[in-house]
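Trainee:
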């Protein structure tokens with residue numbers, strides 16, 4: 010299985026492998042990681058690379074080249090036309106967004122002009138409605154990188170996917186669940202392949218790993 014190198018991405022790949030091993034206990038799997046353009050480029054705002062293979066093309070290259078059988082992605086990272094074919098979209102473990110505040114706000118009031126880190130256009134629009142006086146600034150990096158920026162007081166709060174926090178087993182003391190709308194693919198994993206497409210799709214459906222065929226709108 011091909012995956013990005015981040016802790017979250019590797020956990021997601023192991024999650025998919027465990028799901029398969031429930032049905033095939035003797036199945037052996039290896040996770041091969043790669044660095045994507047999105048990992049290397051920490052400056053470009055995400056709004057400038059929406060619907061591109063910024064986080065997926067390098068993973069799918071390992072699939073297309075035959076080095077890996079499957080690519081594992083956060084489903085919301087997929088472009089409209091991914092390099093490899095989507096053979097499964099899993100159920101979401103949690104579609105919600107959360108606002109993670111600096112720990113100091115456990116004991117002191119929030120400032121009127123919150124400094125909030127978020128790169129998603131959708132999330133920024135929601136935050137502007139909820140906190141009209143907030144200063145909303147782009148933030149990039151892994152979950153751990155963003156939490157470090159929060160800890161170093163670059164921000165008063167940052168937005169995260171609750172699914173990512175859950176998968177990493179993080180206990181964050183000062184959070185707030187944001188209201189919908191949420192990204193329809195948030196918390197879901199996308200599995201790609203370049204060979205034996207029909208067989209892989211049938212396998213993931215039979216094993217109950219694919220939640221809904223209709224949501225596999227990428228092909």
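In the working numbering, the protein residues as written are 10 to 228. Note that beta-carbon positions come from the ideal geometry of N, C-alpha and C, so glycine has one too.
Specify the secondary structure class of residue 106 as computed by DSSP and reduced to three states.
Mentor: Here residue 106 refers to the residue found at position 97 of the chain shown. If DSSP states are grouped into helix, strand and coil, residue 106 belongs with the strands.
Trainee: Taking the alpha-carbon positions, what's the residue 38 to residue 212 distance?
Mentor: Locating residue 38 in the chain shown gives position 29, counting from the first residue. Locating residue 212 in the chain shown gives position 203, counting from the first residue. Cα to Cα, the separation comes out at about 16 Å.
Trainee: Exposed or buried, residue 90, counting other C-beta atoms within 10 Å across all chains shown (16 or more means buried)?
Mentor: One-based indexing of the chain shown puts residue 90 at position 81. It is exposed - the Cβ of residue 90 has fewer than 16 other Cβ atoms within 10 Å.
Trainee: Can you tell me the Cα-Cα spacing of residue 29 and residue 16, whole angstroms?
Mentor: Taking the chain shown and counting its residues from 1, the one referred to as residue 29 is at position 20. Taking the chain shown and counting its residues from 1, the one referred to as residue 16 is at position 7. Their Cα atoms are separated by approximately 20 Å.
Trainee: Is the distance from the Cβ of residue 159 to the Cβ of residue 111 below 8 Å?
Mentor: The residue you call residue 159 lines up with position 150 of the chain shown. The residue you call residue 111 lines up with position 102 of the chain shown. Their beta carbons are under 8 Å apart, which means residue 159 touches residue 111 by this criterion.
Trainee: Provide the residue(s) that pair with residue 124 in DSSP beta bridges, ordered along the chain.
Mentor: Here the question's residue 124 lines up with position 115 in the chain shown. Looking at the DSSP assignment, residue 124 forms a beta bridge with 144.
Trainee: Which residues bound the beta strand (DSSP E) around residue 80?
Mentor: On the chain shown, position 71 is the one that residue 80 refers to. Looking at the DSSP string, the run of the beta strand (DSSP E) that includes residue 80 is 80 to 83.
Trainee: How many whole angstroms separate the CB atoms of residue 101 and residue 14, which I take to be in contact at a CB cut-off of 8 Å?
Mentor: Counting from one through the chain shown, the residue named residue 101 turns up at place 92. Counting from one through the chain shown, the residue named residue 14 turns up at place 5. The pair is not a contact, with the Cβ atoms about 24 Å apart (cut-off 8 Å).
Trainee: Is the beta carbon of residue 199 closer than 8 Å to that of residue 40?
Mentor: Start at 1 with the first residue of the chain shown, and residue 40 comes out as number 31. Start at 1 with the first residue of the chain shown, and residue 199 comes out as number 190. Against a cut-off of 8 Å, the Cβ pair of residue 199 and residue 40 comes out as no contact.
Trainee: In angstroms, rounded to a whole number, what distance separates the CA positions of residue 117 and residue 129?
Mentor: For the purposes of this step, residue 117 is taken as the residue at position 108 of the chain shown. For the purposes of this step, residue 129 is taken as the residue at position 120 of the chain shown. Spanning the two alpha carbons is a distance of roughly 28 Å.
Trainee: For residue 185, which residues from the same chain have a beta carbon less than 8 Å from its beta carbon, with the 5 sequence-adjacent residues on both sides left out?
Mentor: The residue you call residue 185 lines up with position 176 of the chain shown. Closer than 8 Å at Cβ, skipping near neighbours: 107, 108, 110.
Trainee: Can you look up residue 149 in the DSSP assignment and give me helix, strand or coil?
Mentor: Looking up residue 149 in the chain shown gives position 140. Of the three classes helix, strand and coil, the one that applies to residue 149 here is coil, per DSSP.
Trainee: Count the other CB atoms, across all protein chains shown, that sit within 10 Å of the CB of residue 83; report buried if there are 16 or more and exposed otherwise.
Mentor: As a working note, residue 83 is residue 74 in the chain shown. Label assigned to residue 83: buried.
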